[in-house]
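Just so you know, the sequence shown maps onto residues 19 to 257 in this note's numbering.
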Amino acid sequence: MAIVASANDLTALRALAVEFSQMAALVEMQLGEAINAFERRDIAAAERIVKADAKVDLLNRQIDEKVLAVLKTGPMPDRQLRQVVSYMKLAGELERVGDLAKNVAKRTLVVSREQPSQSSISGVVRMGRASLRQLSDIISAFQDSNLTAAAAIWGGDSDLDELYNSLYRDLMQSMTEDSRRVAAGAHLLFIAKNFERIGDHATNIAEAIHFVETGAPFAETRPKGDDTSAITVASRNAT
């Protein structure tokens with residue numbers, strides 16, 4: 019006999035959806051503000067972002083508690099069960115994105131005292147905006163149960179990886195040619211890596227959407243485009 023979702027199950031799912039939407043909106047805002055604070059080297063804004071991360075952590079814990087409470091109520095239809103369980107995973111992914119936004123803000127506090135080139139700043143900001151678009155798109159795909167959009171984001175993460183590879187080469191070249199740029203360049207590399215990792219979390223959310231809607235993972239293996247471990251940079255002044 020097929021299991022039918024009870025009214026209580028549906029009410030609990032709606033409550034989880036509301037709380038997840040609140041968390042998603044907060045994380046998206048935190049990331050956007052972290053990018054703006056970095057671009058402007060705004061110390062006050064960066065400090066606010068670091069402090070506000072505690073609210074993201076609290077929402078994550080609350081969602082976990084609600085998921086466990088729903089699971090204790092008993093059997094439910096397969097799709098609803100996958101949906102309930104997915105909220106715990108998705109909240110964890112958003113919590114990590116919040117941590118990465120906080121890390122960008124922390125690095126901004128240091129970079130603001132350095133003198134990185136404007137081209138380097140612009141390159142990192144461009145990558146940050148790309149990661150924000152990817153996060154916004156995957157949140158919308160989840161809220162709309164849009165498998166097509168989720169698949170496109172899952173397969174399109176290589177674009178963000180390519181931005182990271184290009185930025186990595188440029189920053190390494192800059193630091194190789196002028197040792198005075200090493201301190202700022204190192205922090206810029208960490209910030210860029212944070213943005214690249216946000217893309218990874220977006221693809222993890224895409225995988226969760228696919229599982230909720232189909233009950234199965236993606237059939238293909240997603241290629242990873244970060245090839246910085248194999249990049250070598252020689253000074254243009256080398257003979």
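Just so you know, even glycine gets a beta-carbon here, dropped at the ideal spot from N, CA and C. In this text the structure is predicted, and so the values were computed from the model without any measurement.
- For A42 against L118, the beta-carbon gap comes to about 15 Å, at or over 8 Å, which does not count as contact.
- Counting C-beta pairs with one atom in each stretch, the stretch 199-216 and the stretch 178-190 have three or more that are closer than 8 Å, which means they touch.
- In this structure, DSSP gives E225 a helical state, which the three-state scheme calls helix.
- Going by DSSP, K124 is part of the alpha helix (DSSP H) stretching over D96 to V129.
- By the Cβ test, the stretch 154-163 is not in contact with the stretch 53-73, since fewer than three Cβ pairs between them sit closer than 8 Å.
- Note on geometry: alpha-carbon atoms of R131 and V143 lie some 18 Å from one another.
- C-alpha of N78 to C-alpha of D196: approximately 43 Å in a straight line.
- For K90, the secondary structure class from DSSP, reduced to helix, strand or coil, is coil.
- Here the alpha carbon of E238 sits roughly 13 Å from the alpha carbon of A224.
- At the C-beta level, L31 and V102 come within 9 Å of one another.
- Excluding its 5 nearest sequence neighbours in each direction, A70 has C-beta neighbours in its own chain below 7 Å: Q48, listed in chain order.
- In this structure, L150 keeps its C-beta atom at 9 Å or more from the C-beta atom of E214.
- Secondary structure note for G173: its alpha helix (DSSP H) is the uninterrupted segment L165 to G173.
- Just so you know, the alpha carbons of R199 and G146 end up roughly 21 Å apart.
- Counting C-beta atoms within 10 angstroms of its own C-beta, K90 has fewer than 16 neighbours from the protein chains shown and is therefore classed as exposed.
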